[in-house]
Every structure is written in C-alpha cells, then in structure tokens.
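Trainee:
2 protein chains.
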Amino acid sequence: MSLTIGKLAAAVSVNIDTVRYYERKQLLMPQSRTASGYRVYSQDSVKRLRFVRKAQGLGFSLQEIKELLDLSQMPEKDCGDVRARAQSKIIEIEDKVADLQAMLEALSKLAEYCPGEGRPLEECSILKHFYEGNG
Amino acid sequence: MSLTIGKLAAAVSVNIDTVRYYERKQLLMPQSRTASGYRVYSQDSVKRLRFVRKAQGLGFSLQEIKELLDLSQMPEKDCGDVRARAQSKIIEIEDKVADLQAMLEALSKLAEYCPGEGRPLEECSILKHFYEGNG
DNA sequence: CTTGACCCTAGACTAGGCTCTAGGGTTTAT
DNA sequence: ATAAACCCTAGAGCCTAGTCTAGGGTCAAG
C-alpha cells in the first residue's frame with residue numbers, strides 16, 4: 266500500500282520534481298524513507314497531493330493550501346475555520362469578476378464607438394471608462 | 266499639476282522602484298525630464314498607474330496591460346485594428362470570467378454544504394471534497 | 001552481472017514582477 | 001552652508017511555482 270515518488274507523481278499526473286518541491290514547502294512529507302533513502306509515501310499522500318492540485322485550481326496559493334492542510338490536521342478546529350477561508354476566497358473571486366465585468370463594459374464601448382464615424386477615440390478610452398477615480 | 270516619481274508612487278501606494286520598472290517595461294513613461302534628469306509625471310500618470318494595479322489584480326500580465334493601455338491610446342486611423350484588438354481582449358476577459366465563475370460555483374457549493382461553526386472537521390464538505398474522490 | 005529504469009542531492013535556471021544596493025548627483029529647509 | 005530628503009543609474013537579489021541538470025546510488029529483469 267505504499268508508493269515510490271514516481272508512482273505517486275504518476276498517480277496524480279504531477280511532475281516528480283513538483284512532489285519534491287512540495288516537500289521542501291512542507292506540504293507533502295513522505296511517510297518514511299527506505300534504507301537507501303528512497304521516499305516512501307502512503308496512500309494518504311495521493312489524497313493529499315490531489316487536495317493540493319484541486320485547491321490550486323480554485324485559486325488558492327501553496328501557502329494558503331498549506332494552511333488548509335494544517336488546519337485539517339488540528340482536531341480542536343471546526344468547520345467554521347475552513348468555511349471562513351472558503352468564504353473569503355469567494356469574496357476575493359467575486360470582486361475580481363465584478364472588476365472584469367467593468368472592464369468588459371469599457372472594452373465593449375470602445376469597440377462599439379470605434380468604427381471611425383468621426384468619434385474621437387478619447388471618448389471611449391479604457392482608462393476613462395474603467396478607471397477614473399480613486400481606488 | 267506635475268509630479269516627481271516619489272509623489273506619483275506615494276499617490277498610488279506603489280514602490281518607487283516599481284514605477285521605474287514599469288517605465289522599463291514601457292507601461293508608464295514620464296511626460297518629460299528636468300534638466301537634472303528627474304522624471305516629471307502628469308496627473309494622467311496617476312490614472313494610468315492605478316489602472317495597471319487594478320488590472321494586475323484581475324490577473325492580467327504587464328504585457329497584457331500594456332496592450333490594453335495601448336488600445337486606448339491608438340490614433341483614429343487604426344480604428345479597425347483597435348476594434349479587432351478590443352474584440353479579442355473581450356474574448357480573453359470573458360474566458361477569464363468564465364474560469365472565475367466556475368471556481369466560484371465550486372467553492373460556493375462546498376461552502377454551502379459545510380456545516381460550519383462548531384462542527385468537527387470530519388463533517389467539513391470542503392475538506393472532504395479536496396481529499397476524496399478522484400479528480 | 002550488467003543494463004535500464006528508477007531514485008537521491010544540491011544547486012542552477014525560468015518567467016514574471018518586483019525590490020534593494022551601491023555609488024553618486026540635486027533640492028530644500030534650517 | 002550643510003544636512004536631510006529626494007532623485008539618478010546599473011545591476012544584483014528575491015518571491016512563486018516550478019523545472020531541469022549534473023553526478024551519482026539502487027533495484028529488477030534478462
């Protein structure tokens with residue numbers, strides 16, 4: 266039920282060096298080492314590694330993922346902690362979407378007014394529509 | 266109405282070296298230089314610099330931001346070209362929005378089923394999702 | 001018992017985006 | 001007039017998230 270690093274990497278379709286990198290970053294430690302120094306991983310590592318990749322796909326940084334993983338290992342913690350992190354990531358992403366939509370609007374206007382019917386371009390500049398003000 | 270590099274940087278809460286870096290990257294050129302070589306910026310640079318920071322937060326690379334900024338600066342003769350570029354940026358951004366919305370949906374679903382405060386981590390749908398299954 | 005596939009380490013390298021250092025000139029306030 | 005605060009350049013160094021290389025050890029099959 267244990268794996269070498271190569272098998273683990275293949276099982277999750279991750280570069281073998283990436284697995285070693287995650288170890289340096291304390292995200293995924295091998296269960297043990299063989300006498301000759303080979304890393305030995307448990308089946309649990311497959312789950313953990315998948316966790317990392319999934320969470321990355323949802324926009325979490327390795328540091329944030331480490332925190333989530335550490336959290337999941339603390340028996341005294343509850344779902345509220347995890348949920349709060351998910352919640353704040355949701356807000357982060359929602360903000361981005363809103364900003365992107367503002368940018369879309371600016372660009373649409375730019376494209377709309379563009380066909381050169383005497384409209385000065387400055388009237389629909391991206392800067393002007395997307396960002397005039399203070400943030 | 267003109268600013269030194271230090272004032273500009275302070276106005277947008279950006280490191281002064283970052284402003285110089287953006288100049289090397291052709292994103293933000295000073296209006297002129299004083300006789301002694303000091304950069305002179307216009308009020309417009311503040312907007313432009315803010316735009317850069319905002320767009321970065323949305324996941325655009327400096328190269329992409331340069332392209333966006335160049336769009337709003339293009340002379341009218343290139344109108345067809347401007348329109349085409351705007352159009353392709355629109356598609357890029359729409360893709361980005363779609364990606365973020367997929368993330369949002371996944372995260373929201375996870376958070377929704379998470380029992381939250383006071384419940385043990387074993388019941389956390391978020392961790393469970395990351396840990397289990399095969400994706 | 002050797003060949004090939006696999007593993008090890010340290011460290012270099014990448015790209016993008018800064019941030020800092022060294023060494024020096026300029027401006028402003030006292 | 002001098003010190004603090006500000007500016008200049010070139011170039012080095014740092015972060016994230018890997019990826020790759022060199023030089024070597026180990027393991028399984030024929």
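Which chain is which? The protein sequence lines are R and B, in order.
If you're matching positions, the first sequence starts at 266 in the numbering used here and goes up one per residue.
If you're matching positions, the second sequence starts at 266 in the numbering used here and goes up one per residue.
Even glycine gets a Cβ: it sits at the ideal position worked out from N, Cα and C.
Which residues in the same chain have their Cβ closer than 6 Å to the Cβ of S297 (chain B), if we skip the five residues on either side of it in sequence?
Mentor: If we look at S297 (chain B) and ignore the five residues flanking it on each side, its Cβ neighbours are V305.
Trainee: Report yes if the CB atom of L293 (chain R) is closer than 8 Å to the CB atom of L314 (chain R), and no otherwise.
Mentor: It is a contact, given that the beta carbons lie within the stated cut-off.
Trainee: Using the C-alpha atoms, what's the distance from S310 (chain R) back to E401 (chain R)?
Mentor: The question about residue 401 (chain R) has no answer, for chain R in this structure spans 266 to 400.
Trainee: Can you find a C-beta in chain B that's less than 8 Å from the C-beta of G324 (chain R)?
Mentor: Output row for G324 (chain R): interface = yes.
Trainee: Hey, how far is the Cα of G324 (chain R) from the Cα of Q321 (chain B)?
Mentor: Taking the straight line joining both Cα atoms gives about 15 Å.
Trainee: How about P380 (chain B): is its C-beta nearer than 8 Å to some C-beta of chain R?
Mentor: Cβ-Cβ to chain R under 8 Å: yes for P380 (chain B).
Trainee: Give a yes or no on whether 8 Å exceeds the smallest Cβ distance from R348 (chain B) to chain R.
Mentor: Yes, because at least one Cβ of chain R sits closer than 8 Å to the Cβ of R348 (chain B).
Trainee: Which residues does DSSP pair with V305 (chain B) in a beta bridge?
Mentor: BP columns for V305 (chain B) point to B:S297.
Trainee: Rounded to a whole number of angstroms, what is the C-alpha to C-alpha distance between D343 (chain R) and R384 (chain B)?
Mentor: Whole-angstrom Cα-Cα distance: 5 Å.
Trainee: Mind checking which residues open and close the alpha helix (DSSP H) that includes R285 (chain B)?
Mentor: Residues I281 to R289.
Trainee: If we cut at 8 Å on Cβ distances, does A376 (chain B) have a partner in chain R?
Mentor: Yes, A376 (chain B) lies at the interface with chain R (some Cβ there is under 8 Å from its Cβ).
Trainee: Beta-carbon within less than 7 Å of K361 (chain B)'s beta-carbon, same chain only, minus the 5 sequence neighbours each way: which residues are those?
Mentor: Hits under 7 Å: G324.
Trainee: Tell whether a beta-carbon distance below 8 Å holds between A367 (chain B) and I391 (chain B).
Mentor: Against a cut-off of 8 Å, the Cβ pair of I391 (chain B) and A367 (chain B) comes out as no contact.
Trainee: Could you list which residues in chain R have their beta carbon closer than 7 Å to that of P385 (chain B), in chain order?
Mentor: Going along chain R in sequence order, the residues near P385 (chain B) (Cβ under 7 Å) are D343.
Trainee: Using a C-beta to C-beta distance shorter than 8 Å, which residues of chain B count as neighbours of I391 (chain R)?
Mentor: What I391 (chain R) touches in chain B: F316, L333, L334, L336 and S337.
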